[in-house]
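Residue numbers 870 to 1265, in our numbering, belong to the letters of the sequence shown in order.
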Amino acid sequence: MSALPPGAYRLDGTVRTYAWGSRSAIAGVQGRSVPSPEPEAELWLGTHPGAPSRIGGRPLDEIVATDPRGVLGPAVAAEFGPRLPYLMKLLAAEEPLSLQAHPDAEHARAAFAAEEAAGLPPELRNYRDPHHKPELLVATGDFEALCGFRAPEAAADLLDRIDVPVLRPIAALLRGPEGLREAFTAALTLSPAARTALVAEVAAACAKLGDVDPAYEVAARLAAHYPGDAGVIVSLLLNHIRLAPGQAIWMPAGNPHAYLRGVGVEVMASGDNVLRGGLTPKRVDVPELLRVVRFEPLQTPVMSPEPVAPGVVRWSPPVREFELTRATLTLETPRAELVSDGPRILLCVSGAITAGRGENALTLTAGTAAFVPAGVPTLPLTGRGDLYQSTPAPPP
């Protein structure tokens, strides 16, 4: 018998307090007092060992380990082992996150094994586990981000318009056959003295060009947060994206990105391997970052959902670990049905929605979550509000 009989169970996540978080967004969604005592950056929902969620005080990772096939379903347990393959978050950024990229699955496995064999201490490690970390984020309010490389010619034009002499060689590199690789490397490997002076000059020039292109305003803003940081220059090489509520960005492995501000529901493969290149006081490893980055433009960082049913849409990125569904229940559409053969996490972000039927029904209000083990193929929803479901992708 499964460790959890079929049904929906209240899931208690962990709020992570990072300096870039918000004192109002997550607390406000959950109905707690605002401002919160500390900046709250992420609400984690899943079995990630950094902060496993709980059901009735019991860690979800322990529940899964007790009966992986029963809780996850035989197919998910066979493919991913005794762990939930995704991590769901409510993310709230008041200040910019680091410039970063994530390795693909093959690189993560090999690099983790190499660091394990070398016996590196935690403070010198880049790889915490053997998993990749592709990410999908759906904005619940206005959201701003840098996502993947823009076309190299467009980036060169931005640099040329600044008219800073030291940038001209980098702009020229962008017009060559290995433009993105060479320009990105040149910007991140400047000597500290040269970088500090250049970033100050670039920031001053960009502050005067904010009305010409929003990329300049972003660079000037980043320089105010991180003076002398090469990420200020790199920001001009990346796509600048503004999302309206309900729009999504998809970040596959190897694409440099930095979330700038906003609130959204994020789901990712449950890994913790982050290679940083700047815009952070945390560990930066430029040589390793250069090994994982894909030096190609990201043509379409914004991902559109597919309609599933009235009030229900789904994002299905090309990974096995997860897909994301949103149900919007209204006076006109007060019911919906969510379908999945695997384990799911539900997160209500507004209103009140009841999941399930009869004695197995559970009502979720804004900022609350539930876990539904495998074995509940159809889950009825009633009420009004917005609810997100994360679950593994169905078998191909």
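Cβ atoms here follow ideal geometry from the backbone N, Cα and C, with glycine treated the same way.
All of these numbers come straight from a predicted model, not from anything done at the bench.
Expressed to the nearest angstrom, what Euclidean distance is found between the alpha-carbon atoms of residue i and residue j?
i: Arg1152; j: Leu1129; result: 19 Å
i: Glu1086; j: Leu1078; result: 7 Å
i: His1109; j: Asn1142; result: 24 Å
i: Asn1229; j: Ala947; result: 27 Å
i: Val1081; j: Leu1028; result: 13 Å
i: Trp889; j: Ile1118; result: 20 Å
i: Pro830; j: Ala1178; result: This structure does not reach residue 830, given that the chain is present from 870 up to 1265, and the question cannot be answered.
i: Gly1323; j: Ser891; result: Any question about residue 1323 goes unanswered here, given that the chain covers just 870 to 1265.
i: Ser1060; j: Pro1003; result: 32 Å
i: Pro918; j: Gly882; result: 12 Å
i: Ala934; j: Ala944; result: 15 Å
i: Tyr887; j: Ile895; result: 13 Å
i: Gly897; j: Ala1020; result: 39 Å
i: Ala1243; j: Ser1173; result: 27 Å
i: Arg927; j: Leu1067; result: 52 Å
i: Ala907; j: Pro965; result: With the sequence shown as reference, residue 907 is identified as Glu, and Ala is not the correct amino acid for it. Answer to the nearest angstrom: the Cα atoms are 17 Å apart.
i: Asn1124; j: Thr1251; result: 39 Å
i: Ala1224; j: Phe981; result: 39 Å
DSSP three-state call for residue i: helix, strand or coil?
i: Ser902; result: coil
i: Val933; result: helix
i: Thr1197; result: strand
i: Tyr878; result: strand
i: Glu907; result: coil
i: Leu1091; result: helix
i: Ala944; result: helix
i: Pro1083; result: helix
i: Glu1135; result: strand
i: Arg923; result: strand
i: Gly1010; result: strand
i: Glu1190; result: coil
i: Pro1003; result: coil
i: Ala888; result: coil
i: Ala1238; result: strand
i: Leu968; result: strand
For the alpha helix (DSSP H) containing residue i, list its first residue and its last residue.
i: Arg1030; result: Pro1021 to Ile1031
i: Thr1054; result: Gly1048 to Leu1057
i: Gly1100; result: Gly1100 to Val1103
Could you pull the start and end residues of the beta strand (DSSP E) that residue i belongs to?
i: Arg1064; result: Run containing Arg1064: none in the beta strand (DSSP E); it sits in the alpha helix (DSSP H), Pro1061 to Ala1076.
i: His976; result: From DSSP, His976 is part of no beta strand (DSSP E) but of the alpha helix (DSSP H) over Ala974 to Ala987.
i: Tyr1257; result: Thr1247 to Thr1260
i: Leu1107; result: Leu1107 to Leu1112
i: Leu1233; result: Leu1231 to Thr1234
i: Arg1213; result: Arg1213 to Ala1224
i: Ala962; result: Tyr955 to Ala962
i: Leu993; result: Per DSSP, Leu993 belongs to no beta strand (DSSP E) and is neither H nor E.
Less than 8 Å between the CB atoms is what I'm expecting for residue i and residue j, so what's the real figure, rounded?
i: Leu1200; j: Leu1256; result: At roughly 16 Å, the Cβ-Cβ gap does not stay under 8 Å, so Leu1200 and Leu1256 are not in contact.
i: Leu914; j: Ile1214; result: 5 Å
i: Ser1259; j: Val1132; result: With 8 Å as the limit, Ser1259 and Val1132 do not qualify as a contact, their Cβ atoms being about 17 Å apart.
i: Ala1127; j: Leu1015; result: 5 Å
Would you please verify whether the beta carbon of residue i is less than 7 Å from any beta carbon of chain D?
i: Gly1100; result: Reference to chain D is not applicable here, since this structure consists of a single protein chain.
Quiz item: Enumerated in chain order, which unbroken segments of the beta strand (DSSP E) with a length of 3 residues or greater are wholly contained in the stretch 1137–1180?
Solution: Complete beta strand (DSSP E) runs here, min 3: 1144–1147 and 1175–1178.
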